[in-house]
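There are 2 protein chains.
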Amino acid sequence: MKDAKNVTITDSEWMVMRAIWTMGHATSRELIDAMNELEGWSASTTKTLLHRLIQKQAVAQHGGSRPFMYKPVVGEKESMAAAADDLFDHMCAMRAGSTIVGVIQSRELSRADIANLQAILAEKAKTAPEEVQCNCLPGDQTC
Amino acid sequence: MKDAKNVTITDSEWMVMRAIWTMGHATSRELIDAMNELEGWSASTTKTLLHRLIQKQAVAQHGGSRPFMYKPVVGEKESMAAAADDLFDHMCAMRAGSTIVGVIQSRELSRADIANLQAILAEKAKTAPEEVQCNCLPGDQTC
DNA sequence: CTTATCAGTTTACAACTGTAGTCACAATAA
DNA sequence: TTATTGTGACTACAGTTGTAAACTGATAAG
Chain D
1 MKDAKNVTIT
11 DSEWMVMRAI
21 WTMGHATSRE
31 LIDAMNELEG
41 WSASTTKTLL
51 HRLIQKQAVA
61 QHGGSRPFMY
71 KPVVGEKESM
81 AAAADDLFDH
91 MCAMRAGSTI
101 VGVIQSRELS
111 RADIANLQAI
121 LAEKAKTAPE
131 EVQCNCLPGD
141 QTC
Chain A
1 MKDAKNVTIT
11 DSEWMVMRAI
21 WTMGHATSRE
31 LIDAMNELEG
41 WSASTTKTLL
51 HRLIQKQAVA
61 QHGGSRPFMY
71 KPVVGEKESM
81 AAAADDLFDH
91 MCAMRAGSTI
101 VGVIQSRELS
111 RADIANLQAI
121 LAEKAKTAPE
131 EVQCNCLPGD
141 QTC
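Line by line, the protein sequences give chains D and A. Each step along the first sequence adds one to the number in the numbering used here, with nothing skipped, and position 77 is 77. Each step along the second sequence adds one to the number in the numbering used here, with nothing skipped, and position 34 is 34.
Right, dumping it as structure tokens:
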């Protein structure tokens, strides 16, 4: 069973996935056109990326006859979560908080997103530690 | 003037940077040992990464005589912010909010981080849109 | 001073990425 | 039925990344 955790989507592939996710399903022609307009890519480039995504089982080919339909196999939400987790997993745990502050400052958030975040934060506040430990070096140095 | 925005640090290089950032400055021996313990890397691997970081001007060699000192040139905070921005720039703006929700849920945050986030969110709530537009396809489709 | 060792520099090399051309075959038009 | 074209498959190729060996010059030990 393929899930987003096991698939690594590269930067270029990500662009194609976004189009497929948003369209729900698409023919190669539609994707080629969208990518050409968005990124200026040649048809070959989009085709290659699409094939690599199929190999990775991030996308599947549907419909028996020739203009095939392409549909996402991995979900957008899960893939985004996996990518974000992957990023933060490679960074210092102690500074994750301030990094998230930066992200929130620079992104547009809907009212619902904000309400959601506020609820989670209120909950987390109840048990939050004074300091998060740095996990960048071996042993348990005080950083 | 080198700033974090212009330097792309790869995953492996990131590990070395974390050690250097945390140590403040270090000799190659210290880094080699730390990386060996943390990642099981051979001395060569750490040396290579260190050199690539010097080339990228993410790290600088200090001290005239042989056991040189290595110090970070780019800051940890700025590098983390750049990496995080880069990630979110490649993802659907509409779903950034829920992705952040996921990140916050899975990370440990200090009281100070939480207070900070709460303040920013309260501020952003005042002008937050009902919906953030999807920016995955050309044109302005309703997604 | 000569030798062994360690730090620093070069070279290596396969896998992965970004970007794209070419080939083959199915569908369609003539 | 044959020629054309659109779509999918295969090939290409340079640059990056992960991982490390080999070489070279500085230091320390004898």
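Glycine included, every Cβ here is placed at the ideal spot set by N, Cα and C. All figures in this text were calculated on a predicted structure; none of them were measured in a lab.
(message) At the 8 Å Cβ level, is lysine 124 (chain D) part of the contact set with chain A, yes or no?
(response) In the first sequence, the residue the question calls residue 124 (chain D) occupies position 124. Output row for lysine 124 (chain D): interface = yes.
(request) Answer yes or no: does any C-beta atom of chain A fall closer than 8 Å to that of proline 72 (chain D)? (result) Working through the first sequence from its first residue, we reach residue 72 (chain D) at position 72. No, its Cβ sits nowhere closer than 8 Å to a Cβ of chain A.
(request) Could you say which of A:Arg52, A:Gly40 and A:Thr48 lies nearest to threonine 8 (chain A) if we only look at CA atoms? (result) Translated into positions along the second sequence, residue 8 (chain A) becomes position 8. Out of A:Arg52, A:Gly40 and A:Thr48, A:Arg52 has the C-alpha closest to the C-alpha of threonine 8 (chain A).
(request) Indicate whether the contact test is met: 3 or more Cβ pairs, each with one atom in the segment 87-97 of chain D and one in the segment 94-111 of chain A, closer than 8 Å. (result) yes
(request) Would you mind giving the Cβ-Cβ distance between lysine 71 (chain D) and alanine 60 (chain D), rounded to the nearest angstrom? I have them listed as a contact below 8 Å. (result) By one-based count along the first sequence, residue 71 (chain D) stands at place 71. By one-based count along the first sequence, residue 60 (chain D) stands at place 60. About 6 Å separates the two Cβ atoms, so the contact holds.
(message) Could you pull the DSSP bridge partners for methionine 69 (chain D) from this structure?
(response) Reading the first sequence from its first residue, position 69 is the one you call residue 69 (chain D). Looking at the DSSP assignment, methionine 69 (chain D) forms a beta bridge with D:His62.
(message) Can you pull out the residues from the segment 102-133 of chain D whose beta carbon lies closer than 7 Å to at least one beta carbon of chain A?
(response) Gly102, Val103, Ile104, Gln105, Ser106, Arg107, Glu108, Leu109, Ser110, Arg111, Asp113, Ile114, Asn116, Leu117, Gln118, Ile120, Leu121, Lys124, Ala125, Ala128, Pro129, Glu130, Glu131 and Val132
(message) Excluding the 5 residues flanking isoleucine 32 (chain D) on each side, which residues of the same chain have their C-beta closer than 6 Å to its C-beta?
(response) The residue labelled residue 32 (chain D) in the question sits at position 32 within the first sequence. If we look at isoleucine 32 (chain D) and ignore the five residues flanking it on each side, its Cβ neighbours are Ala43 and Thr46.
(message) At the level of alpha carbons, what is the spacing between lysine 126 (chain A) and leucine 117 (chain D)?
(response) Within the second sequence, residue 126 (chain A) is the residue found at index 126, counting from 1. Within the first sequence, residue 117 (chain D) is the residue found at index 117, counting from 1. Roughly 15 Å separates the two Cα atoms.
(request) Please report how far the alpha carbon of isoleucine 114 (chain D) lies from the alpha carbon of arginine 95 (chain A), in whole angstroms. (result) The sequence position of residue 114 (chain D) within the first sequence is 114, counting from 1. The sequence position of residue 95 (chain A) within the second sequence is 95, counting from 1. When rounded, the distance between both Cα atoms is 13 Å.
(request) From the DSSP output, in three-state form, read off alanine 128 (chain A) for me. (result) Indexing the second sequence from 1 puts residue 128 (chain A) at position 128. Collapsing the DSSP output to three states places alanine 128 (chain A) in coil.
(request) Can you say whether arginine 29 (chain D) is buried or exposed, counting buried as having 16 or more other CB atoms within 10 angstroms of its CB? (result) What you label residue 29 (chain D) is simply residue 29 of the first sequence in a count that begins at 1. Flag for arginine 29 (chain D) reads exposed.
(message) For leucine 137 (chain D) and leucine 38 (chain A), what's the separation of their Cα atoms in angstroms?
(response) Against the first sequence, residue 137 (chain D) aligns to sequence position 137. Against the second sequence, residue 38 (chain A) aligns to sequence position 38. If you take the alpha carbons of leucine 137 (chain D) and leucine 38 (chain A), they lie about 7 Å apart.
(request) Find out if the Cβ-Cβ distance for the pair serine 110 (chain D), valine 132 (chain A) is shorter than 8 Å. (result) Walking along the first sequence from the start, residue 110 (chain D) turns up at place 110. Walking along the second sequence from the start, residue 132 (chain A) turns up at place 132. Their beta carbons are under 8 Å apart, which means serine 110 (chain D) touches valine 132 (chain A) by this criterion.
(request) Report the partner residues of alanine 26 (chain D) according to the DSSP bridge assignment. (result) Position 26 of the first sequence, counting from 1, holds the residue named residue 26 (chain D). DSSP, once it has assigned bridges, lists D:Tyr70 as partnering alanine 26 (chain D).
(request) Please say whether alanine 19 (chain A) and alanine 34 (chain A) have beta carbons closer to each other than 8 Å? (result) The sequence position of residue 34 (chain A) within the second sequence is 34, counting from 1. The sequence position of residue 19 (chain A) within the second sequence is 19, counting from 1. In contact: alanine 34 (chain A) and alanine 19 (chain A) (Cβ atoms closer than 8 Å).
(request) To the nearest angstrom, report how far apart glutamate 76 (chain A) and glycine 75 (chain D) are at their CA atoms. (result) The residue labelled residue 76 (chain A) in the question sits at position 76 within the second sequence. The residue labelled residue 75 (chain D) in the question sits at position 75 within the first sequence. Looking at the two C-alpha atoms, the distance is approximately 32 Å.
(message) Let me see if you follow: with CB-CB separation under 8 Å, is arginine 95 (chain D) close to chain A or not?
(response) As a position in the first sequence, residue 95 (chain D) is number 95, starting the count at 1. For arginine 95 (chain D), the answer is yes, since a Cβ of chain A falls inside 8 Å of its Cβ.
(message) Just to confirm my understanding: we take proline 67 (chain D), look at its own chain, exclude 5 residues before and 5 after, and list those with CB closer than 8 Å. What are they?
(response) Position 67 of the first sequence, counted from the first residue, corresponds to residue 67 (chain D). Counting only Cβ-Cβ distances below 8 Å, and skipping sequence neighbours, we find Thr27, Ser28 and Arg29.
(request) Consider the Cβ of tryptophan 41 (chain A): report whether some Cβ of chain D lies at a distance smaller than 8 Å. (result) Taking the first residue of the second sequence as 1, we reach residue 41 (chain A) at position 41. Chain D contact via Cβ: absent.
(message) At the level of alpha carbons, what is the spacing between glycine 24 (chain A) and glycine 63 (chain D)?
(response) Counted from its first residue, the second sequence places residue 24 (chain A) at position 24. Counted from its first residue, the first sequence places residue 63 (chain D) at position 63. Distance between the alpha carbons of glycine 24 (chain A) and glycine 63 (chain D): 58 Å.
(message) Residues of chain D with CB closer than 8 Å to the CB of aspartate 186 (chain A), please, in chain order.
(response) The structure shown does not extend to residue 186 (chain A), since chain A spans only 1 to 143, so no value can be given for it.
(message) Looking at chain D, is there any beta carbon in it that lies within less than 8 Å of the beta carbon of phenylalanine 88 (chain A)?
(response) Position 88 of the second sequence, counted from the first residue, corresponds to residue 88 (chain A). Chain D, which has a Cβ nearer than 8 Å to the Cβ of phenylalanine 88 (chain A), makes this yes.
(message) Output needed in chain order: residues of the segment 17-49 of chain A with a Cβ under 8 Å from some Cβ in chain D.
(response) Arg18, Ala19, Trp21, Thr22, Met23, Ala34, Glu37 and Leu38
(request) Could you tell me whether the Cβ of lysine 56 (chain A) comes closer than 8 Å to any Cβ of chain D? (result) What you label residue 56 (chain A) is simply residue 56 of the second sequence in a count that begins at 1. It does not; no Cβ of chain D falls within 8 Å.
(request) Could you list which residues in chain D have their beta carbon closer than 9 Å to that of threonine 99 (chain A), in chain order? (result) Here residue 99 (chain A) refers to the residue found at position 99 when the second sequence is read from its first residue. Those within 9 Å of threonine 99 (chain A) in chain D are Lys77, Met80, Ala81, Ala83 and Ala84.
(message) Between the alpha carbons of glutamate 108 (chain A) and threonine 99 (chain D), how many angstroms are there, rounded?
(response) Reading the second sequence from its first residue, position 108 is the one you call residue 108 (chain A). Reading the first sequence from its first residue, position 99 is the one you call residue 99 (chain D). Those two C-alpha atoms are separated by around 13 Å.
(request) Check the Cβ-Cβ distances between aspartate 11 (chain A) and every residue of chain D, and say whether any is below 8 Å. (result) As a working note, residue 11 (chain A) is residue 11 in the second sequence. Cβ-Cβ to chain D under 8 Å: yes for aspartate 11 (chain A).
(request) State the start and end residues of the unbroken alpha helix (DSSP H) segment that holds glutamate 76 (chain A). (result) As a position in the second sequence, residue 76 (chain A) is number 76, starting the count at 1. Secondary structure note for glutamate 76 (chain A): its alpha helix (DSSP H) is the uninterrupted segment 76-89.
(request) Taking C-beta pairs closer than 8 Å, name the residues in chain D that methionine 91 (chain A) reaches, listed in chain order. (result) As a first step, residue 91 (chain A) is located in the second sequence; it is residue number 91 there, counting from the start. By Cβ distance, chain D contributes Trp14, Arg18, Met80 and Ala83.
(request) Using a threshold of 8 Å, state whether the C-beta atoms of alanine 93 (chain D) and cysteine 134 (chain D) are closer than that. (result) What you label residue 93 (chain D) is simply residue 93 of the first sequence in a count that begins at 1. What you label residue 134 (chain D) is simply residue 134 of the first sequence in a count that begins at 1. Against a cut-off of 8 Å, the Cβ pair of cysteine 134 (chain D) and alanine 93 (chain D) comes out as a contact.
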